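What follows is one structure encoded as structure tokens, with my remarks underneath.
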Amino acid sequence: MGVAIDVQGLTKSFGSQLIWNDVTLTLPAGEISVMLGPSGTGKSVFLKTLVGLLKPDKGSIVINGADLVTLKEHDLYEVRKLFGVLFQDGALFGSMNLFDNVAFPLREHTKKTESEIRKISLEKMELVGLQGAEDKLPGEISGGMRKRAGLARALVLDPEILLIDEPDSGLDPVRTSYINQLFIDLNAQIDATFLIVTHDINTARTVPDNIGLLYHKHLAMFGPREMLLSSEEPVVRQFLNAQTVGPIGMSEEKDADELAAEAASGQQLPPLPPIAPQLGTSNGEPRRGERPAGEWCRANGVIPPPGSFQGPHTSVQVPERTLDQRPELDVGASLDHGAAS
Amino acid sequence: MNVLVSPLKQAGAFFALFLDVMRALPKRPFQTKEFIQQCWFIASVTIVPTALVSIPFGAVIALQLGTLTRQLGAQSFTGAASVLAVVREASPIVTALLVAGAGGSAICADLGSRKIREEIDAMEVLGISPIQRLVVPRVLACMLVAVLLNGLVSVVGVAGGYFFNVVIQGGTPGAYLASFTALAQLADLWTSEIKALLFGLVAAVVASYKGLTAGGGPKGVGDAVNQSVVITFMLLFVINFVVSAIYFQVVPQKV
Ligand SMILES: Nc1ncnc2c1ncn2[C@@H]1O[C@H](COP(=O)(O)OP(=O)(O)O)[C@@H](O)[C@H]1O
Ligand SMILES: [Mg+2]
Numbered sequence: 001m002g003v004a005i006d007v008q009g010l011t012k013s014f015g016s017q018l019i020w021n022d023v024t025l026t027l028p029a030g031e032i033s034v035m036l037g038p039s040g041t042g043k044s045v046f047l048k049t050l051v052g053l054l055k056p057d058k059g060s061i062v063i064n065g066a067d068l069v070t071l072k073e074h075d076l077y078e079v080r081k082l083f084g085v086l087f088q089d090g091a092l093f094g095s096m097n098l099f100d101n102v103a104f105p106l107r108e109h110t111k112k113t114e115s116e117i118r119k120i121s122l123e124k125m126e127l128v129g130l131q132g133a134e135d136k137l138p139g140e141i142s143g144g145m146r147k148r149a150g151l152a153r154a155l156v157l158d159p160e161i162l163l164i165d166e167p168d169s170g171l172d173p174v175r176t177s178y179i180n181q182l183f184i185d186l187n188a189q190i191d192a193t194f195l196i197v198t199h200d201i202n203t204a205r206t207v208p209d210n211i212g213l214l215y216h217k218h219l220a221m222f223g224p225r226e227m228l229l230s231s232e233e234p235v236v237r238q239f240l241n242a243q244t245v246g247p248i249g250m251s252e253e254k255d256a257d258e259l260a261a262e263a264a265s266g267q268q269l270p271p272l273p274p275i276a277p278q279l280g281t282s283n284g285e286p287r288r289g290e291r292p293a294g295e296w297c298r299a300n301g302v303i304p305p306p307g308s309f310q311g312p313h314t315s316v317q318v319p320e321r322t323l324d325q326r327p328e329l330d331v332g333a334s335l336d337h338g339a340a341s
Numbered sequence: 001m002n003v004l005v006s007p008l009k010q011a012g013a014f015f016a017l018f019l020d021v022m023r024a025l026p027k028r029p030f031q032t033k034e035f036i037q038q039c040w041f042i043a044s045v046t047i048v049p050t051a052l053v054s055i056p057f058g059a060v061i062a063l064q065l066g067t068l069t070r071q072l073g074a075q076s077f078t079g080a081a082s083v084l085a086v087v088r089e090a091s092p093i094v095t096a097l098l099v100a101g102a103g104g105s106a107i108c109a110d111l112g113s114r115k116i117r118e119e120i121d122a123m124e125v126l127g128i129s130p131i132q133r134l135v136v137p138r139v140l141a142c143m144l145v146a147v148l149l150n151g152l153v154s155v156v157g158v159a160g161g162y163f164f165n166v167v168i169q170g171g172t173p174g175a176y177l178a179s180f181t182a183l184a185q186l187a188d189l190w191t192s193e194i195k196a197l198l199f200g201l202v203a204a205v206v207a208s209y210k211g212l213t214a215g216g217g218p219k220g221v222g223d224a225v226n227q228s229v230v231i232t233f234m235l236l237f238v239i240n241f242v243v244s245a246i247y248f249q250v251v252p253q254k255v
């Protein structure tokens with residue numbers, strides 16, 4: 001059913017280089033959270049710390065009552081079985097074909113027969129639209145397919161927590177929409193806790209239930225989607241709206257002089273854009289973690305920007321049986337399942 | 001400060017990996033398939049260059065010794081001296097060169113590229129120890145191949161020496177062969193193989209360490225390979241010296 005991750009006072013540095021300091025947040029069970037941040041702010045490091053691949057300097061990460069930071073190696077391997085992780089480029093094993101990659105965790109950790117393994121693996125590959133590509137090697141396929149294969153592999157052990165590193169990097173906007181829709185539908189199906197790390201603002205605005213922003217070596221804000229999207233806090237508002245006016249500059253941060261000059265020149269922050277409706281499941285059924293549009297704003301007396309939550313409760317329309325027919329550069333043309341015409 | 005601390009830290013981390021490998025050695029299931037694949041892979045990148053290096057190496061030794069023994073008037077010992085030189089020193093050195101330069105660099109490049117593709121991280125997240133799964137079979141394979149290579153170099157080197165001495169320099173075959181056992185003894189061969197075993201171990205662990213700690217993209221892997229070869233060379237030559245020194249202390253020599 002998904003488990004919560006409770007992060008308290010987490011600090012990480014490499015040698016003398018501080019990555020982030022005192023990060024405290026709770027990823028609510030079964031909900032989708034997005035961690036946003038400019039490149040190089042340590043989003044990937046955060047994700048790897050959450051699975052215990054990197055040891056933080058301070059703080060705790062509590063899952064099901066166990067603190068990951070102090071766990072022994074053996075117990076850590078146990079806790080990791082709760083996780084599915086999709087790394088930035090899929091992290092497939094280069095020497096195995098896609099099917100063996102997806103079947104790998106089942107072969108390692110279960111006593112299932114080969115035919116059961118085959119059934120589950122093919123099911124997950126179909127879920128991400130990869131049927132017919134079982135025999136391809138990771139080196140022969142496009143980045144988008146590698147990501148989806150990595151996702152299928154992360155899913156075979158029915159994880160309670162799914163961590164996803166930049167699903168949208170290197171994908172065109174259309175495929176980004178497809179993969180985002182896939183996350184929403186997956187979350188509805190498996191109820192796992194999702195954490196998506198990204199710097200894609202569009203993903204952050206429409207997909208998650210919660211948003212966090214890592215900026216300047218700390219967690220600037222974490223909370224429900226509507227809280228951040230209606231926030232007047234300069235950093236949050238600048239990043240979520242991709243504006244040049246604000247504290248974030250081309251380099252790490254604008255220096256004080258520049259900020260003062262900006263203030264003196266009376267430059268006005270542009271008004272907040274309307275909050276887009278959240279992406280819905282493709283079959284229209286609500287997810288467990290989904291909250292009605294505008295609920296947070298009403299509960300907290302915040303007036304959302306005019307025009308918010310307008311438009312239908314959208315989802316990318318992925319018609320039945322077409323996941324597998326999505327165009328793909330490398331193999332799409334050769335995959336013909338007969339149902340296309 | 002940093003100049004001192006950083007190499008010490010590296011040495012510490014290297015030693016930690018070494019201990020991890022030792023601890024993972026008895027763990028089941030043993031990765032037989034990976035072990036065999038790695039043996040084949042390491043052998044395939046080292047055998048041909050080894051043979052090609054050891055022929056001229058044996059010839060040079062035969063040439064030097066042939067001339068030297070004639071100058072000293074000890075032609076009858078040409079065979080004995082060349083066997084001794086080849087088995088005791090030349091073949092471990094050639095093995096070290098090839099194990100570090102070809103075997104170690106291949107291991108390091110392989111693990112390094114897996115590291116930067118995050119395959120290693122993925123493996124750990126899937127609850128599988130990369131040390132047990134990847135490093136242990138490579139270390140064992142490298143040790144086995146090193147021992148075999150050392151044997152190969154000895155044979156090819158001695159054969160090269162024979163060819164050079166008998167065919168080119170016109171020595172007598174009988175005298176060459178008969179003098180084999182005059183100075184050399186079985187302990188020489190054992191020592192030589194023990195050296196090779198240690199070379200394989202150290203080369204594989206250094207290469208694995210460098211590969212698993214590679215970072216910073218493809219260039220990082222290149223740097224890691226480079227450093228791994230240089231470090232391995234230095235360590236192997238030190239080990240070669242130490243084992244030889246111990247050998248002369250422990251094993252009584254023929255007179
Ligand atoms: N294993 C590591 N050793 C040292 N520095 C690292 C390591 N991993 C990441 N870093 C540094 O941490 C910073 C944040 O990296 P990363 O988490 O990849 O950023 P991003 O937010 O773009 O994912 C970078 O400056 C990077 O150089
Ligand atoms: Mg990253």
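Taken in order, these protein sequences are the chains called A and B.
Each residue of the first sequence is one higher than the one before, starting from 1 at the first, in UniProt numbering.
Each residue of the second sequence is one higher than the one before, starting from 1 at the first, in UniProt numbering.
Glycine is no exception: its CB is placed at the ideal position from the N, C-alpha and C atoms.
A quick note: this is a predicted structure, and the numbers were derived from the prediction, not measured.
Note down, in chain order, each residue of its chain lying with its Cβ closer than 6 Å to the Cβ of SER244(B), except the 5 sequence neighbours on either side.
Residue numbering aside, residue 244(B) sits at position 244 when the second sequence is read from its first letter. The answer is none, since no qualifying residue turns up.
Since PRO173(A) meets chain B, which of its residues come closer than 9 Å, beta carbon to beta carbon?
Counted from its first residue, the first sequence places residue 173(A) at position 173. Here the premise fails: no neighbours, minimum Cβ distance about 25 Å.
Any residues whose CB sits closer than 6 Å to a heavy atom of ligand 1? List them in chain order?
That gives PHE14(A), ILE19(A), GLY37(A), SER39(A), GLY40(A), THR41(A), GLY42(A), LYS43(A), SER44(A), VAL45(A) and GLY215(B).
May I ask you to report which of helix, strand or coil DSSP gives ARG205(A)?
Reading the first sequence from its first residue, position 205 is the one you call residue 205(A). The answer is helix: DSSP assigns ARG205(A) an H, G or I state.
At a CB-CB cut-off below 8 Å, which residues of chain A make contact with GLU118(B)?
Locating residue 118(B) in the second sequence gives position 118, counting from the first residue. Residues of chain A passing the Cβ test: PHE87, GLN88, ASP89 and ALA91.
For the alpha helix (DSSP H) containing GLY220(B), list its first residue and its last residue.
Indexing the second sequence from 1 puts residue 220(B) at position 220. Here the alpha helix (DSSP H) through GLY220(B) covers 217–250.
Using only alpha-carbon positions, find the residue among GLY220(B), ARG28(B) and ALA159(B) that is nearest to ALA59(B).
Here residue 59(B) corresponds to residue number 59 of the second sequence, with the count starting at 1. Ranking GLY220(B), ARG28(B) and ALA159(B) by Cα distance to ALA59(B) puts ALA159(B) first.
Would you report the Cα separation of LEU171(A) and GLY144(A), rounded to the nearest angstrom?
Taking the first residue of the first sequence as 1, we reach residue 171(A) at position 171. Taking the first residue of the first sequence as 1, we reach residue 144(A) at position 144. Near 6 Å, if we compare the C-alpha coordinates of GLY144(A) and LEU171(A).
Which residues in the same chain as LEU137(A) place their Cβ atom closer than 6 Å to its Cβ, once the five residues preceding and following it in sequence are excluded?
For this step, residue 137(A) is matched to residue 137 along the first sequence. Within the same chain, LEU137(A) has close Cβ partners ASN97.
Using a Cβ cut-off of 8 Å, pull out every chain B residue sitting near ARG80(A), in sequence order please.
Counting from 1 along the first sequence, the entry for residue 80(A) is found at position 80. Within 8 Å Cβ-Cβ: GLU124, VAL125, LEU126 and GLY127.
Give the DSSP-derived three-state secondary structure of ALA74(B) in the structure shown.
Here residue 74(B) corresponds to residue number 74 of the second sequence, with the count starting at 1. Coil at ALA74(B), not helix or strand.
Could you tell me whether the stretch 77–86 of chain B touches the stretch 165–179 of chain B, using the rule of 3 or more Cβ pairs below 8 Å?
These segments touch.
I need the straight-line Cα distance from THR24(A) to LEU213(A), nearest angstrom please.
Taking the first residue of the first sequence as position 1, residue 24(A) is located at position 24. Taking the first residue of the first sequence as position 1, residue 213(A) is located at position 213. Taking the straight line from one Cα to the other gives about 12 Å.
So, using beta-carbon positions, are ASP188(B) and LEU97(B) closer together than 8 Å?
Here residue 188(B) refers to the residue found at position 188 of the second sequence. Here residue 97(B) refers to the residue found at position 97 of the second sequence. No, they are not a contact pair.
Let me check you understand the geometry: is the CB of GLN17(A) closer than 7 Å to at least one non-hydrogen atom of ligand 4?
For ligand 4, the structure offers nothing, since it holds only ligand 1 and ligand 2.
Which same chain residues, not among the five before or five after SER33(A), have their C-beta less than 6 Å away from its C-beta?
Here residue 33(A) corresponds to residue number 33 of the first sequence, with the count starting at 1. These residues qualify, in order along the chain: LEU27, LEU195, PRO208 and ASN210.
Using 8 Å as the threshold, is the stretch 83–94 of chain A in touch with the stretch 121–138 of chain B, meaning 3 or more CB pairs across them?
These segments touch.
Kindly provide the ranges of any beta strand (DSSP E) runs that are 3 or more residues long and lie completely inside the stretch 19–105 of chain A, ordered along the chain.
As far as the stretch 19–105 of chain A is concerned, its whole beta strand (DSSP E) runs of at least 3 residues are 32–36, 58–63 and 83–86.
Do residue 267(B) and LEU212(B) have their C-beta atoms closer together than 8 Å?
In the structure as shown, chain B begins at 1 and stops at 255. Residue 267(B) is therefore absent and cannot be evaluated.
Examine ligand 2 and report whether any of its heavy atoms sits within less than 7 Å of the Cβ of GLU118(B).
Taking the second sequence and counting its residues from 1, one reaches residue 118(B) at position 118. Checking the Cβ of GLU118(B) against ligand 2 gives no.
If I measure Cβ to Cβ from PHE14(B) and keep anything under 6 Å in the same chain, skipping five residues before and after, which residues do I get?
For the purposes of this step, residue 14(B) is identified with residue 14 of the second sequence, where counting begins at 1. Closer than 6 Å at the Cβ level, and outside the excluded window around PHE14(B), lie TYR209.
What I want to know is whether the C-beta of ASP200(A) ends up closer than 7 Å to one or more non-hydrogen atoms of ligand 2.
Looking up residue 200(A) in the first sequence gives position 200. Incorrect: ASP200(A) has no Cβ contact closer than 7 Å to ligand 2.
Can you list, in chain order, the residues of its chain with a C-beta nearer than 6 Å to that of VAL128(A)? Leave out the 5 residues immediately preceding and following it.
As a first step, residue 128(A) must be located in the first sequence, where it is residue number 128. Here the set comprises ARG148, LEU151 and ALA152.
Assign ASP6(A) to one of three DSSP states: helix, strand, or coil.
As a working mapping, residue 6(A) is identified with position 6 in the first sequence. Of the three classes helix, strand and coil, the one that applies to ASP6(A) here is strand, per DSSP.
Indicate the three-state DSSP secondary structure (helix, strand or coil) for ILE107(B) in the structure shown.
Taking the first residue of the second sequence as position 1, residue 107(B) is located at position 107. The answer is helix: DSSP assigns ILE107(B) an H, G or I state.
Could you run through the stretch 180–192 of chain B and flag, in chain order, every residue whose CB is less than 9 Å away from some CB of chain A?
Going along the stretch 180–192 of chain B in chain order, one finds no residue with a Cβ nearer than 9 Å to chain A.
Let me make sure I understand the geometry here. Which of VAL153(B), VAL136(B) and GLY215(B) has the alpha-carbon closest to that of VAL56(B)?
Locating residue 56(B) in the second sequence gives position 56, counting from the first residue. Here residue 56(B) is Pro; the residue named in the question, Val, does not match the sequence. Nearest C-alpha to PRO56(B): VAL153(B).
Are there any heavy atoms of ligand 2 lying less than 7 Å away from the beta-carbon of ALA126(A), as far as the coordinates show?
The count along the first sequence starts at 1 and reaches residue 126(A) at position 126. Note that residue 126(A) is Glu in the sequence shown, not Ala. No; taking the cut-off as 7 Å, the Cβ of GLU126(A) has no heavy atom of ligand 2 nearer than that.
Which ranges does the beta strand (DSSP E) cover as unbroken runs of at least 3 residues, wholly within the stretch 173–203 of chain A, from first to last along the chain?
As far as the stretch 173–203 of chain A is concerned, its whole beta strand (DSSP E) runs of at least 3 residues are 193–198.
Taking contact to mean at least 3 C-beta pairs separated by less than 8 Å, is the stretch 214–222 of chain A in contact with the stretch 294–303 of chain A?
Counting Cβ pairs under 8 Å, fewer than three are found: no touch.
Give the secondary structure of ASN210(A) by DSSP, where H, G and I count as helix, E and B as strand, and everything else as coil.
Translated into positions along the first sequence, residue 210(A) becomes position 210. Strand.
Could you give the distance in angstroms between the alpha-carbon of LEU53(A) and the alpha-carbon of PRO270(A)?
Within the first sequence, numbered from 1, the residue matching residue 53(A) stands at position 53. Within the first sequence, numbered from 1, the residue matching residue 270(A) stands at position 270. Approximately 41 Å, taken between the alpha carbons.
Which residues in chain B sit within 8 Å of LEU53(A), going by Cβ to Cβ distance?
Position 53 of the first sequence, counting from 1, holds the residue named residue 53(A). By Cβ distance, chain B contributes ASP121, GLU124 and VAL125.
Answer yes or no: the CB of GLN243(A) versus the heavy atoms of ligand 2, is any distance below 7 Å?
Numbered from its first residue, the first sequence carries residue 243(A) at position 243. No, the Cβ of GLN243(A) stays beyond 7 Å of every heavy atom of ligand 2.
Using 8 Å as the limit for Cβ to Cβ distance, is PRO105(A) near chain B?
The sequence position of residue 105(A) within the first sequence is 105, counting from 1. So, interface residue.
Quick check on THR11(A): does DSSP put it in helix, strand or coil?
Locating residue 11(A) in the first sequence gives position 11, where the first residue counts as 1. Correct three-state label for THR11(A): strand.
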